[in-house]
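What follows is a single structure, written as structure tokens, with notes after it.
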Amino acid sequence: MKRRTLLASIAAAPVALPGTARAQAPVRTLRVVTPWEIGGLDPARSGYVFQRMQIAETLVGTDAAGALVPLLARAWRLDADRLAWRFALRAGATFHDGTPVTAEAVAAALVRARAQPGPLAQAPVEAITAEAGEVVVRTRQPFLSLPAFLAHSGAIVLAPASYGEGGAVRAIIGSGPYRLTDLLAPQRLDAERFAGWWGPAPAIERVSYLAVGRGETRAAMAEGGQAEIVTTLAPETVDRLRRNARLDVVTVPIPRTRALKLNASLPFFSDVRVRRAVALALDREGMARALLRSPEGAANQFFPPALPDWHIADLPPPRRDLAAAQRLLDEAGWRAGPDGIRARDGRAFRVTLRTFTDRPELPVLATAIQGQLREAGIDLQVAIVNSGEIPAGHTDGTLEMALYARNLALVPDPLGTVLQDFGAQGGEWGAMGWSSPELLAAAARMGEEADPAARRALAQRIARILHDDVPVIPVAWYDYPVAFSRRTAGGSVDPLEISYRIAGMRWAD
Amino acid sequence: MIRAVGARLLQAALVAMAVGVACFLMVRLLPGDMAYRVAAGRYGMDHVNTAAAEAVRAELGLDRPWWQLLGAWLGDLARFDLGVSLVSGDRVVEELSVYLGHTLLLAVVALLLSALVGPPIGVLLAMRPGSAADRTGLAVGAVLRAVPAFVIGLVLMMVFAVQLGWLPAAGVGGWREVVLPATTLAIGLAAVSSRVARDAMVAVAQAPYLAFARTKGLPEGAVIRRHALRNAAVPVTAYLGVQLVTLVEGVVIVETLFAWPGIGHALVHAVVARDVPMVQGTALAMGLIFVALNGAVDLACLAIDPRRRRPA
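Quick mapping for you: the protein sequence lines, in order, are chains A and B. Residue numbering for the first sequence follows the working numbering, starting at 365 and increasing by one per position. Residue numbering for the second sequence follows the working numbering, starting at 2 and increasing by one per position.
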């Protein structure tokens, strides 16, 4: 059996092993179990694994409240022209192969990240250079969200020796508190404490990561004491795990929304009354309670409470009102036919909804939505496809309706997602055949606005437009349930899913 | 003997050809734009969009006509080159060697376990055909054969990993991780092989040559060893070849359940992501293993039963 040991090149890294403590009990490993497989070495594909395991670092990090904090960058400032951002690096930061983290190395890693698919490729970046020991990022126009884009996992900084010919990543040589020791893609990796890290030495010496796709299996590993951190618990297993005395189950809301995408250029959905009727016909509370086991997750608006600037606090809960939905459809000219299906101008209200299985609850929700809309006289066909079929259908215009899940904080500033999803041409993972000049103006102003209160007012304006005009119908927000073993202490959950925060944990016994 | 091996080698070449072409055509015929599929497989649902798909299309030359792509694959195959995964960018041979090693380990352990349990139980039950033990064996075997592998796997996981805490529920890296998935597969295999062994033994027990062996005064131990077991071993061994189908099928489910990075798991991912070279590579590896093991079964049957060595 051939193991892919990818780190032969850095075997000589200066790792100070405490020789005296070796005689004591064998070193325990903190085991992390998640559903996400390691799809290779490229940061654009699986950088999030190395970022979450604190093996590789980005310039910018986030704190418990989601605010941006210095990570590999000690500080940053914006020039008076509001175009050039200067990032000063942390003194003494070292890669795992012992080479220093220089501005040149960081700039090279970011230039490469920009050439790959990901948020950084969509930011209006003109150039990334190293100047006088600082990393300088110039934008084409003032773009105040830029630091947030540098917190994304695609922008992790790897040592120059990580790259082989043609820029392909050959090894993961990061600068984080843990150093990769073994990688068996796509299933598992092992890492150990890196003595040369710039921050306070973590208490836990060894960590491992295992990708386990099945929710039942992950729950069994938590119950059997075979993992210390188990993330993304399947909803049906959460109650059982909560009752387990050896586990702490922590559930935090995360900025991810399940929503229905509607093709507003079709005669079905061009009328806002129909879009509202579809929203009213959905039993979002029932689906959140019965299918997602998360009653607080029923979405009455697009932005979840985890994004307080964008969340409208005073909206009522999303009650189902079938009679009101029927009335709106009648008003819009869609009359019930003999088979119960509505029709207008001889065309039956028959649409196909595409969804995918990457998030296992989506097909289940789609089936419930199918039943609920049938009661309103809408005949929905559900097509389970690959996630790529939704942007493909958006681009070639064949998409009618889609149920999808969207991460609103791919970069910690949701403005990035809003610009992508509700632009002038709509967005592949957002509006279709719909745009709002008022929303575009508010988003553009926000990109240049520095004052937090003014930014918040603009965010609220955008959220209100999306709520009133329903280009997409929010269905449910996400909970992120994580089980921690009580053998450990100090664990916490990052709502932005940027880190498993292992470096701050310790053994409890 | 040489003819048997030669026939299998020819068969292997034909299987390689047929599997490669069939996989290629099937993946091409699936609905949907391949570039988007590959992009979704590479970058995940959060990052798949038209820009990523177009970049993938340009990089991989997916807009070339189908016969060019197939011809390129066949040309590479003739040079024993399986190409590069569209998703990971790694060489298919390297990926396969990792996945295949894990699957072979799992399959061999499962076959050994089932061979240790299934046929001996069958032989024991055949001693008293129609007894209560024999009828219970039939019922248990039928139930275990009917229950899907993932149910057996979940039950084993609940008992041995959660309740007793003896073995890890999933994972990879040490011998302890192999036990539960291999046992899951072995239970399904043993349920069948015990029945085959039992029926073969019962048939042999009624055969005239066994009565003759006893009549000529051989001790009972020698009768069982030299005449009964050896004759009954032929159908049991031949049936192993058929069981390999069950094994290949079970591996896909069991590997997913136990997070085992094997070839079944890889095949499922490759099909979803339209990773044509990986689909072809994994299917090819599975097909060739199948031919190789069937060849080994043939040779084993020839070794057990000298009558078969004569030309028909």
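No residue lacks a Cβ here, since even glycine has one placed at the ideal position from N, Cα and C.
Asked: Residues of its chain near ALA408 of chain A, where Cβ-Cβ distance is below 8 Å and the 5 sequence neighbours each way are ignored; Found: ALA477, GLN480, PRO481, GLY482 and GLY518
Asked: Neighbouring residues, chain A, relative to PHE259 of chain B (Cβ below 8 Å); Found: THR581
Asked: Where the alpha helix (DSSP H) containing SER115 of chain B begins and where it ends; Found: 93-127
Asked: CB of GLN734 of chain A within 8 Å of CB of LEU726 of chain A, strictly; Found: no
Asked: ASP709 of chain A: CB within 7 Å of a non-hydrogen atom of the ligand MN; Found: The ligand MN is not among the ligands present in this structure, which contains no ligands whatsoever.
Asked: Where PRO845 of chain A falls: helix, strand or coil (DSSP); Found: strand
Asked: Cross-chain neighbours of PRO481 of chain A in chain B, by beta carbon under 7 Å; Found: TYR44, HIS48, ALA52, ALA53 and ALA56
Asked: Extent of the continuous beta strand (DSSP E) to which THR874 of chain A belongs; Found: Any answer about residue 874 of chain A is impossible in this case: the structure gives chain A only from 365 up to 873.
Asked: Contact with chain B by GLU861 of chain A, beta-carbon distance below 8 Å; Found: no
Asked: Length of the line joining the Cα atoms of ALA827 of chain A and MET18 of chain B; Found: 57 Å
Asked: CB contact below 8 Å: GLY166 of chain B versus chain A; Found: yes
Asked: is_contact[ASP647 of chain A, chain B] using C-beta, thresh 8 Å; Found: no
Asked: Stretch pair the region 189-201 of chain B + the region 102-115 of chain B: three plus CB contacts closer than 8 Å; Found: yes
Asked: Terminal residues of the beta strand (DSSP E) in which ASN771 of chain A lies; Found: 765-771
Asked: Cut-off 6 Å between Cβ atoms - residues of its own chain near ASP276 of chain B, not counting five sequence neighbours on either side; Found: SER86, LEU87 and VAL88
Asked: Distance, VAL613 of chain A Cα to ALA847 of chain A Cα; Found: 4 Å
Asked: Contact check, ILE520 of chain A vs PHE451 of chain A, beta carbons under 8 Å; Found: no
Asked: Assigned secondary structure, ASP612 of chain A (DSSP; H/G/I helix, E/B strand, else coil); Found: strand
Asked: THR137 of chain B, buried or exposed, once every other Cβ within 10 Å from all chains shown has been counted against 16; Found: exposed
Asked: Below-8 Å beta-carbon distance, ARG409 of chain A vs any chain B residue; Found: yes
Asked: Three-state class that DSSP yields for GLN734 of chain A in the structure shown; Found: helix
Asked: Reduced DSSP category for GLY425 of chain A - H, G, I as helix; E, B as strand; rest coil; Found: strand
Asked: Where ILE754 of chain A sits in the DSSP three-state scheme; Found: helix
Asked: Inter-stretch contact (C-beta, 8 Å, three-pair minimum) for the region 248-258 of chain B and the region 553-570 of chain A; Found: no
Asked: For GLN745 of chain A, the residue or residues it bridges with in DSSP; Found: A:THR716
Asked: Residue-level contact to chain B via CB, ALA796 of chain A, 8 Å cutoff; Found: As written in the sequence, residue 796 of chain A is Met, which differs from the Ala given in the question. It does not; no Cβ of chain B falls within 8 Å.
Asked: Own chain residues within Cβ distance below 7 Å of GLY868 of chain A, not counting five before or after; Found: GLY854
Asked: Proximity test, Cβ basis, 8 Å: GLU587 of chain A and chain B; Found: yes
Asked: Chain B residues whose Cβ lies nearer than 8 Å to that of ASP832 of chain A; Found: Within chain B, no residue comes near ASP832 of chain A; the closest Cβ sits about 27 Å away, beyond 8 Å.
Asked: Cut-off 6 Å between Cβ atoms - residues of its own chain near LEU779 of chain A, not counting five sequence neighbours on either side; Found: SER509 and MET810
Asked: Beta-carbon proximity list for ASP873 of chain A, same chain, < 7 Å, skipping 5 on both sides; Found: ARG851
Asked: Test: GLU592 of chain A CB closer than 8 Å to a CB of chain B; Found: no
Asked: Nearest candidate by alpha-carbon position, reference LEU139 of chain B, set B:ILE153, B:GLY222 and B:VAL124; Found: B:VAL124
Asked: Cβ contact check for the region 586-602 of chain A and the region 630-642 of chain A: 3 or more pairs under 8 Å; Found: no
Asked: Cβ-based burial, THR581 of chain A [other Cβ within 10 Å; buried from 16]; Found: buried
Asked: Alpha helix (DSSP H) runs contained entirely in the region 120-174 of chain B, provided each spans 4 or more residues; Found: 133-147 and 150-157
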